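Undergrad: Protein chains in written order, with this note's numbering: chain A, 1 to 118; chain B, 119 to 294; chain C, 295 to 630. Ideal Cβ placement from N, Cα and C applies to all residues, glycine included. All figures in this text were calculated on a predicted structure; none of them were measured in a lab. What follows is a single structure, and I will ask about it in a moment.
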Amino acid sequence: MPEDFLPIAVLIILATGLSFTILLLGQIFGPRRPNPRKGSPYESGMRPYGKGQRRVPIHYYLIAVLFILFDVEIIFILPWAVVLRDLGIFGLIEMGLFVAILLIGFVYAWKKGALEWD
Amino acid sequence: MTVLQIIFLGISVIIVIGALMTVSSPNLVHAALWLILALAGVAAIFVLLEASFLAVVQVAVYIDAISILIVIAVMLTRRAMGETERQINRSWLLAAFAAFMVFSGILSLFSQVPQLANTPSDLVESSEFYIQELGKALVNVDQSIIPFEVASVLLLAAMIGAIFIARPPERAGGDS
Amino acid sequence: MDPALLVEWLVKSGVIIFLILTGFAYLTLFERRVLARIQVRIGPNRAGPLGLLQPLADGIKLLFKEEVIPDKADKVIFILAPVLTVIPAFVLLAVIPLGPEISILGRSYSLSLAGDVNVGVLYLLAVASISVYGIVLAGWSSNNKYALLGGLRSAAQMISYELVLGLAFIGPILLANSMSLKDIIQAQSRVWFIVLQPIGFLLFLVASIAEVNRAPFDMPEAEQELTAGYHVEYSGMKFALFFMAEYGKMIVVSFITASLFLGGYLGPFVDKLPLLGPIYLLVKVTLILFFMIWVRATWPRIRYDRLMALGWKVLLPIGLLNIIITAILVILVGGY
Chain A
1 MPEDFLPIAV LIILATGLSF TILLLGQIFG PRRPNPRKGS PYESGMRPYG KGQRRVPIHY
61 YLIAVLFILF DVEIIFILPW AVVLRDLGIF GLIEMGLFVA ILLIGFVYAW KKGALEWD
Chain B
119 MTVLQIIFLG ISVIIVIGAL MTVSSPNLVH AALWLILALA GVAAIFVLLE ASFLAVVQVA
179 VYIDAISILI VIAVMLTRRA MGETERQINR SWLLAAFAAF MVFSGILSLF SQVPQLANTP
239 SDLVESSEFY IQELGKALVN VDQSIIPFEV ASVLLLAAMI GAIFIARPPE RAGGDS
Chain C
295 MDPALLVEWL VKSGVIIFLI LTGFAYLTLF ERRVLARIQV RIGPNRAGPL GLLQPLADGI
355 KLLFKEEVIP DKADKVIFIL APVLTVIPAF VLLAVIPLGP EISILGRSYS LSLAGDVNVG
415 VLYLLAVASI SVYGIVLAGW SSNNKYALLG GLRSAAQMIS YELVLGLAFI GPILLANSMS
475 LKDIIQAQSR VWFIVLQPIG FLLFLVASIA EVNRAPFDMP EAEQELTAGY HVEYSGMKFA
535 LFFMAEYGKM IVVSFITASL FLGGYLGPFV DKLPLLGPIY LLVKVTLILF FMIWVRATWP
595 RIRYDRLMAL GWKVLLPIGL LNIIITAILV ILVGGY
């Protein structure tokens with residue numbers, strides 16, 4: 001329903017405007033005295049070594065994949081949860097099947113050590 | 119033109135700009151961000167079509183989950199380190215032509231479906247009703263129970279595939 | 295479009311933004327005073343009576359600070375990241391009813407910007423995780439390896455605990471048969487959902503503390519290992535925006551907890567005196583905020599691997615189990 005989301009659009013515009021205004025205020029009032037030391041990466045006062053941007057460990061990718069799967073699962077569960085009282089025991093069994101299949105994958109991920117951090 | 123049409127046009131322009139910048143931005147992380155802008159525009163279009171559930175799902179699945187995956191995947195590559203390269207190679211014209219052909223094919227296909235000629239308000243009566251119908255249809259034997267359960271198998275396959283590809287290296291050749 | 299309606303939206307949006315801004319300012323003071331009391335100190339009490347002007351002094355100080363942008367940073371994203379982090383904190387509050395309908399001069403107003411949105415809960419879930427981008431991009435664009443690691447860690451933490459949050463949302467939906475916050479609050483008129491969903495409430499509380507990166511899950515502020523995490527290179531007003539996002543989200547999460555499990559604006563005599571509603575809600579929110587500060591003062595930080603193990607191996611299975619139990623009970627008992 002567009003009417004329901006229009007006020008949210010108003011709020012988003014106001015909030016964005018406010019955030020940029022705050023940034024602008026900082027630009028106006030703050031001093032500006034750059035020097036090479038200030039512009040170098042902060043590493044607790046030590047001289048920076050190596051590259052600032054390195055390749056991301058593959059583990060974060062796995063977590064993101066698992067996140068997509070369970071996110072989709074939750075989104076499937078939500079409309080089901082709204083009408084469960086009408087669906088009765090049959091609806092419960094079907095959703096149980098859906099979740100059980102996904103749980104196989106979850107157990108596989110667990111067994112393969114995708115959830116370990118070391 | 120009504121106000122809704124003007125808003126629709128504005129959003130469409132944003133989507134097209136986002137999509138164009140996605141394929142032409144030299145920095146991969148910037149390209150991913152432009153993609154997110156295009157996806158957000160699609161969510162706004164869903165709102166205009168009175169499909170609020172789909173709009174929020176678009177944000178929750180595409181903008182949150184899938185785009186986070188894309189951003190992290192881009193950061194996995196060597197090229198994310200600010201070393202920029204042109205994304206366009208010699209055959210871009212050919213690719214653009216192929217994309218145009220696929221698009222017009224889909225468009226002509228859709229324009230032959232009579233239901234799609236209706237206005238959105240005819241398709242969806244009210245959003246509340248719509249979510250409940252969706253919930254019921256998902257587990258209804260006559261409607262979409264098979265696709266629903268197959269979706270879980272698909273998700274399972276995706277999960278196992280991802281784990282297989284990205285297995286933690288110390289276990290790759292070991293006991294498993 | 296009706297111009298009166300537009301004015302109403304603008305006023306309500308203004309109120310929401312004002313609420314978050316003042317809430318943020320005084321939450322920092324509240325936190326410092328409470329922490330100080332717990333640690334047998336006094337806390338800031340010099341600026342104004344009882345230190346009430348301290349947030350203002352902090353703000354003015356930050357305003358006159360130099361904003362350093364690292365030389366090799368990706369400038370556009372570096373500036374965009376704090377904005378992306380702070381906007382969800384403002385926008386989330388739109389779907390939460392702050393009170394029952396009140397009537398002024400013969401017209402009735404609902405005390406929420408868009409509380410009728412029937413996908414309210416999903417909206418909260420969807421918008422909350424947009425701030426993950428701000429954190430990842432802040433870490434990436436700073437061109438600092440500690441910032442990058444801190445950003446990735448908090449992003450992985452936030453998406454993991456968002457799943458737990460999503461699972462905890464489902465309990466109240468099952469009981470209320472609706473995704474709209476308004477209906478969920480109305481369904482609690484007889485008994486609060488904290489009674490019917492104790493496990494769900496605990497899950498939600500833990501996951502929400504992790505979601506807003508608070509102690510004991512405050513990986514971004516792991517000073518010892520990561521210097522300061524994703525915002526190590528930020529200064530001045532850009533740092534203030536990150537700070538505002540953290541405290542704004544703390545407030546919003548408390549509003550959500552109060553609405554889902556503690557009956558929202560409901561309380562004695564609300565049906566007769568509707569203006570009591572917002573007061574009840576604010577009292578509940580303040581209690582939850584106090585609890586979060588208390589937790590920070592009491593618990594040491596959890597190691598990162600244990601944090602992820604807690605999310606995936608303990609809370610996620612418990613969340614699924616909680617849904618199954620609730621669903622079976624809902625079907626067996628029918629109404630409650």
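1. At a Cβ cut of 7 Å, what residues of the stretch 257-284 of chain B count as close to chain A, listed as they run along the chain?
2. On the CB-based measure, 16 or more other CB atoms within 10 Å of its CB, does Lys306(C) come out buried or exposed?
3. Run through DSSP, which three-state label would Tyr417(C) get?
4. So Leu623(C) and Pro376(C) are in contact, right, with Cβ under 8 Å, and what is the actual spacing, rounded?
5. Output needed in chain order: residues of the stretch 162-182 of chain B with a Cβ under 9 Å from some Cβ in chain C.
6. Taking C-beta pairs closer than 8 Å, name the residues in chain A that Leu357(C) reaches, listed in chain order.
7. Determine the chain A residues that contact Leu187(B) at a beta-carbon separation under 9 Å, and present them in chain order.
8. Below 8 Å between beta carbons: does that hold for Ile184(B) and Ile68(A)?
9. From Ser425(C) to Leu378(C), what distance separates their C-alpha atoms?
10. Would you say Gly136(B) reaches chain A, if we count a Cβ-Cβ gap shorter than 8 Å as a contact?
11. Taking 8 Å as the CB-CB cut-off, is Met139(B) touching chain C?
12. Anything in chain A within Cβ reach of Gln250(B), meaning under 9 Å, just list it in chain order.
13. Report yes if the CB atom of Gly308(C) is closer than 8 Å to the CB atom of Pro572(C), and no otherwise.
14. Please tell me whether Asn438(C) and Tyr42(A) are closer than 8 Å, where the distance is taken between their beta carbons.
15. Comparing the C-beta of Leu194(B) with each C-beta of chain A, is any distance below 8 Å?
16. Which residues share a DSSP beta bridge with Tyr403(C)?
17. Take Leu347(C) and list the residues in its own chain whose beta-carbon comes closer than 6 Å to its own, dropping the five residues that flank it on each side.
18. Using a threshold of 8 Å, state whether the C-beta atoms of Pro364(C) and Glu527(C) are closer than that.
19. Check for me: the alpha helix (DSSP H) holding Val134(B) runs from which residue to which?
20. Go to Glu456(C), then tell me how far its alpha helix (DSSP H) extends in each direction, as first and last residue.
21. Run the CB neighbour count on Gln176(B), radius 10 Å, all protein chains shown included, and call it buried at 16 or more, exposed below.
22. Under 8 Å, do Gly253(B) and Val82(A) count as touching if we go by C-beta distance?
23. Quick one: what does DSSP say Asn616(C) is sitting in, helix, strand or coil?
24. Under 7 Å between beta-carbons, which chain B residues line up against Phe98(A)? List them in chain order, please.
25. I'd like the list of long-range same chain contacts for Ile467(C), defined as Cβ closer than 8 Å, with 5 residues on each side in sequence excluded.
26. With H, G and I counted as helix, E and B as strand and the rest as coil, what does DSSP make of Ala509(C)?
27. Give me the Cα-Cα distance between Ser435(C) and Ala450(C), rounded to the nearest whole angstrom.
28. Give the straight-line distance between the Cα atoms of Phe384(C) and Gly542(C), rounded to the nearest whole angstrom.
29. Would you report the Cα separation of Asp4(A) and Leu62(A), rounded to the nearest angstrom?
30. Could you check which residue in Arg55(A), Val10(A), Ile74(A) has the C-alpha nearest to that of Val179(B)?
31. Under the assumption that Leu321(C) contacts Ile545(C) (Cβ atoms under 8 Å), give the Cβ distance between them as a whole number of angstroms.
32. In terms of residue numbering, what span does the alpha helix (DSSP H) encompassing Lys532(C) cover?
33. At a cut-off of 7 Å, is Phe215(B) close to the ligand PLP when judged by its beta-carbon and the heavy atoms of the ligand?
34. At a cut of 8 Å, does the stretch 13-33 of chain A reach the stretch 350-369 of chain C through at least three beta carbon pairs?
35. Step through the CB atoms of chain B and report whether any lies within less than 8 Å of the CB of Lys38(A).
36. What does Glu94(A) reach in chain C if we use C-beta pairs closer than 8 Å?
TA: Quick look at the numbers:
1. Val257, Ile263, Phe266, Glu267, Ser270, Val271, Leu273, Leu274, Ala276, Met277, Ile278, Ala280, Ile281, Ala284
2. buried
3. helix
4. Actually they do not touch by this definition, with Cβ atoms about 44 Å apart.
5. Ser170, Phe171, Ala173, Val174, Val175, Gln176, Val177, Ala178, Val179, Ile181, Asp182
6. Leu25, Gly26, Phe29, Gly30
7. Tyr61, Ala64, Val65, Phe67, Ile68
8. yes
9. 6 Å
10. no
11. no
12. Pro79, Val82, Val83, Asp86
13. no
14. yes
15. yes
16. Ile396(C)
17. Ala341
18. yes
19. 121-142
20. 439-470
21. buried
22. yes
23. helix
24. Phe266, Glu267, Ser270
25. Val415, Met473, Ile478
26. coil
27. 17 Å
28. 7 Å
29. 37 Å
30. Ile74(A)
31. 6 Å
32. 530-555
33. Although the ligand PLP was asked about, the structure shown includes no ligands whatsoever.
34. yes
35. no
36. Correct list: empty, because the minimum Cβ distance to chain C is about 12 Å.
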